[in-house]
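Participant: Protein chains in written order, with this note's numbering: chain A, 1005 to 1277; chain B, 3 to 354.
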Amino acid sequence: MGVEHASPGMILIMVILAIPLFYFINRARKGQSLFVRKIAGIDAINQAVGRAAEMGRPVSFSTGLTSVSPTLYAVLGVLFHVTKKCAIYKNKLLLPQNSPEVMAIAESVMKDGYRVEGRLSEFDPSNIIYLSDEQFAYASGYMGMVHRENVASAFLFGYFAAESLILAEAGQQVGALQVAGSVSPEQVPFFITACDYTLIGEELYAAAAYLTREPVQMGSLMAQDRAKIVIFVMILLGVSIATLKVFFPEVNWLDINQLIRMPWEEVMGMEAA
Amino acid sequence: MNWKARLLATLTFLGGLYYFLDFVLPAKLPDSLGGYEFGKYNQEISRGFIAIGSVAFALGLINIFYIHGARIIFRKKGFLNSIALLISLVAMVIFTTNEWLAFEQVNKYAENIRNIAAYSRQIQSDLKEKKESTRSPNARIELLIAETEKIIKDSEASLSEAKSDLPHIVRDGLIQNIKLVSKENNLLKIKNESEVAAPIKPLDSVATALIKLSGDRQQLEEYLYKSSTTKALYDFVYDGLFVPLGAAMFSLLGFYIISAGYRAFRIRSIESGLMMIAAVIVMLGQIPFYIYVSEVLPDLRLWLLEYPSAAAFRAIKFGAAIAGLYMAIRMWFSIETSSFAEDNSGKAGANK
């Protein structure tokens, strides 16, 4: 159930979760080395771009139905890296688009990638193709593009819905090496079955940090892991109390759910009393 | 950080701060703290987003014309498809705009009648309370009579346009209410000639008759709109072409799931073997013939979906939500943009 306004308990959790972020970013900025495990899907990104360069065929990068959101910024990190690689290897990079707002941002990122590598003159805006904002029209446009251009590698990063398998199968049909990353767990099985490598959930957010080793992102990645430990402890606590309630119903156990959801009015009333 | 980046970072921070406070504070602050309602500007801000989205949409259109226009002009591979796309695009814009304008007209007539009824009531109220107006009561009543006569003529004309299949209830209601408005209008004329100062009752009757007429007029306009060529053309391109084409794309999923399933469920490792077993249980538990295999299949299927599968889903969602939260904080405070932007010197982290 969605929440319109956070309760003081929720704010407290947000603050607890935010503390590791600033702490680890600070540590990373001071130059402390932070370990990141190997993620095969992200390593495959360079492999996929290299393959396309060897074959002399284009690369495609789809942001799916991603709107302007934190997910998009995670995706742009990967796009930036892929663009730089394509600029170095002189690969044609196709960017089919679903949302005009995202298209404007993605175009700027792509341009920046070429500029950084000193190949701005090779940036071709006609490779950024606005297909449609309608889900299946976009899917059919993508299929056509992948078949016509005979792409060698396809990246599918961002938010996807029912069209995910259509997009991934189109790449399969032309024998493209496909790397996908989605934050929607419902689409992950489709990508696992149809793509060569799949980044699951938060791995998508970790991709840019893994590729760039940039201190802020590395620190953020470390903090994410600590935040998950906090969540894990909370789950354990909740499960333990719920279990104890079953075995000892007569004991007045602490109701964490009620404590977290206690509204402002009640908290303020308590203070006034 | 240059001034442009600083300005962007400030605006981003202020925008984020507004929504952060809107989320963390109660809907209304207590009176002792000023009683401020944080969400009261949300609608105006949403309109701003819609405006920006509309401008961005134009970018999409420009991109389509740029790419496909160039393909047609230089006769590149697939230019015939581009011609078809641009023709479809223009046709769809024309049909949809026409349909939208026609639909707007449906409410316009009834709305106009209701406005005149409100004007009649306003005159009545002003006369009762002896309020002064820029126009004399006579002039106002004359204007009301003129407008009412226009409505009567216009409604009669629209009625004659309607074909014989217009529902009787609408036709009869309309005829009856046109007569009623005419009668009350005439009454107003008589009163206007003899007793200008106080035609209070007839004014009320005219307003009531007009309100009744507006309902029937709305129905008539809806009928005319539904039987118009504009609507038929729109239905043809939208319901007859666009929707079935979308459905056809969606139906491809069925076939793709089979081919993807074939690849995924080939037993090559322990993991793919487990996946195969789970998939068989879920599929058999879903179909009505499970009874011929085993009675426990639906329960087993439900257990697989509600426990191991739901746990994995939640784990992914938790991870993604935390990562999303951190990404949002980083964007809010403009801590970094270096993952997808570098400054002109090529140094990472323009906004650091």
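Using N, Cα and C, we set each Cβ at its ideal position, and we do this for glycine too.
These numbers come from a predicted model, not from an experiment.
At a Cβ threshold of 7 Å, is Tyr1163 (chain A) touching chain B?
Facilitator: Taking Cβ atoms only, chain B never reaches closer than 7 Å to Tyr1163 (chain A), which makes this a no.
Participant: Using CA atoms only, rank isn't needed, just tell me which of B:Phe81, B:Trp334, B:Gly326 and B:Pro310 is closest to Tyr277 (chain B).
Facilitator: One detail in the question is off: residue 277 (chain B) reads as Met in this sequence, not Tyr. Considering only alpha carbons, the answer is B:Pro310.
Participant: Could you work out which residue in B:Ile153, B:Lys79, B:Leu129 and B:Ser271 is closest to Arg142 (chain B) when comparing CA atoms only?
Facilitator: For the residues B:Ile153, B:Lys79, B:Leu129 and B:Ser271, the minimum Cα distance to Arg142 (chain B) belongs to B:Leu129.
Participant: Taking a Cβ distance cut-off of 8 Å, strictly less, list which residues of the segment 1019-1050 of chain A are near chain B, in chain order.
Facilitator: For the segment 1019-1050 of chain A, which is checked against every Cβ of chain B, the residues closer than 8 Å are Leu1021, Ala1022, Leu1025 and Ile1029.
Participant: Tell me, please, which residues DSSP counts as bridged to Phe1252 (chain A).
Facilitator: Answer is none; Phe1252 (chain A) lacks a bridge partner.
Participant: With a threshold of 7 Å on Cβ separation, who are the neighbours of Ile1020 (chain A) within its own chain once the five nearest residues in sequence on each side are excluded?
Facilitator: Excluding positions up to five away in sequence, the list reads Val1234.
Participant: Indicate the three-state DSSP secondary structure (helix, strand or coil) for Glu1167 (chain A) in the structure shown.
Facilitator: Residue state, collapsed to three classes: coil.
Participant: Select from A:Val1053, A:Arg1230 and A:Asp1200 the residue whose C-alpha is nearest the C-alpha of Leu1098 (chain A).
Facilitator: Per the Cα distances, A:Val1053.
Participant: Would you say Val1063 (chain A) faces chain B, with C-beta separation under 7 Å as the test?
Facilitator: Val1063 (chain A) does not count as touching chain B.
Participant: Would you say Phe1140 (chain A) lies against chain B (beta-carbon separation less than 7 Å)?
Facilitator: Closer than 7 Å: yes.
Participant: Tell me the DSSP secondary structure of Pro1267 (chain A) in three-state form.
Facilitator: Coil at Pro1267 (chain A), not helix or strand.
Participant: In the DSSP assignment, what are the bridge partners of Leu1098 (chain A)?
Facilitator: Partner(s): A:Ser1064.
Participant: Under 8 Å: do the segment 1173-1188 of chain A and the segment 1157-1164 of chain A share three or more Cβ pairs, one atom per stretch?
Facilitator: At 8 Å Cβ cutoff, the stretches touch.
Participant: Just checking, does the segment 6-19 of chain B make contact with the segment 1028-1045 of chain A on the three C-beta pairs under 8 Å criterion?
Facilitator: Segments in contact, no.
Participant: Quick check: the Cα distance between Val1271 (chain A) and Pro28 (chain B), rounded to an integer number of angstroms?
Facilitator: C-alpha separation (whole angstroms): 11 Å.
Participant: Do Ala1022 (chain A) and Val1183 (chain A) have their C-beta atoms within less than 7 Å of each other?
Facilitator: Against a cut-off of 7 Å, the Cβ pair of Val1183 (chain A) and Ala1022 (chain A) comes out as no contact.
Participant: With three or more C-beta pairs closer than 8 Å as the rule, is the segment 1121-1130 of chain A touching the segment 80-96 of chain B?
Facilitator: Because the criterion of three Cβ pairs below 8 Å is not met, the segment 80-96 of chain B and the segment 1121-1130 of chain A do not touch.
Participant: For chain A, find out if any of its Cβ atoms is closer than 7 Å to the Cβ of Asp33 (chain B); answer yes or no.
Facilitator: Answer no: the Cβ-Cβ gap between Asp33 (chain B) and chain A never drops below 7 Å.
Participant: Let's see if you can read the secondary structure: which residues bound the alpha helix (DSSP H) around Ile125 (chain B)?
Facilitator: Start and end: Phe81 to Lys130.
Participant: Below 7 Å on C-beta distance, what does Tyr328 (chain B) contact in chain A?
Facilitator: Near Tyr328 (chain B) (Cβ distances below 7 Å), the residues of chain A are Leu1025, Ser1224, Ala1227 and Gln1228.
Participant: Within a Cβ cutoff of 8 Å, which residues of the same chain sit near Ser1224 (chain A), ignoring the five residues on either side of it in sequence?
Facilitator: Excluding sequence neighbours, Ser1224 (chain A) sits near Leu1025, Phe1028, Ile1029 and Ala1213.
Participant: Tell me which residues share the same chain as Ser274 (chain B) and place their Cβ nearer than 8 Å to its Cβ, disregarding the 5 neighbours each side in the sequence.
Facilitator: Within the same chain, Ser274 (chain B) has close Cβ partners Ala266, Phe267 and Arg268.
Participant: For Thr1197 (chain A), return the contacting residues in chain B, with the cut-off set at a CB-CB distance below 8 Å.
Facilitator: Result: Ala262, Gly263, Arg265 and Ala266.
Participant: Please list, in chain order, the chain A residues whose beta carbon lies closer than 8 Å to that of Leu27 (chain B).
Facilitator: Under the 8 Å cutoff, chain A gives His1009 and Trp1268.
Participant: Quick one: what's got a C-beta closer than 8 Å to Arg137 (chain B)'s C-beta in the same chain, skipping five residues either side?
Facilitator: Same-chain partners within the cutoff: Leu145.
Participant: Could you list which residues in chain A have their beta carbon closer than 7 Å to that of Ile69 (chain B), in chain order?
Facilitator: Result: Ser1130 and Ile1133.
Participant: Please state whether the Cβ-Cβ distance between Phe1084 (chain A) and Val1113 (chain A) is less than 7 Å.
Facilitator: The answer is yes: Cβ separation under 7 Å.
Participant: Do Ile213 (chain B) and Ala120 (chain B) have their CB atoms nearer than 7 Å?
Facilitator: No. Outside cutoff.
Participant: Using the Cα positions of Thr1070 (chain A) and Val1086 (chain A), report the straight-line distance between them to the nearest angstrom.
Facilitator: Those two C-alpha atoms are separated by around 18 Å.
Participant: Just to confirm my understanding: we take Tyr20 (chain B), look at its own chain, exclude 5 residues before and 5 after, and list those with CB closer than 7 Å. What are they?
Facilitator: None.
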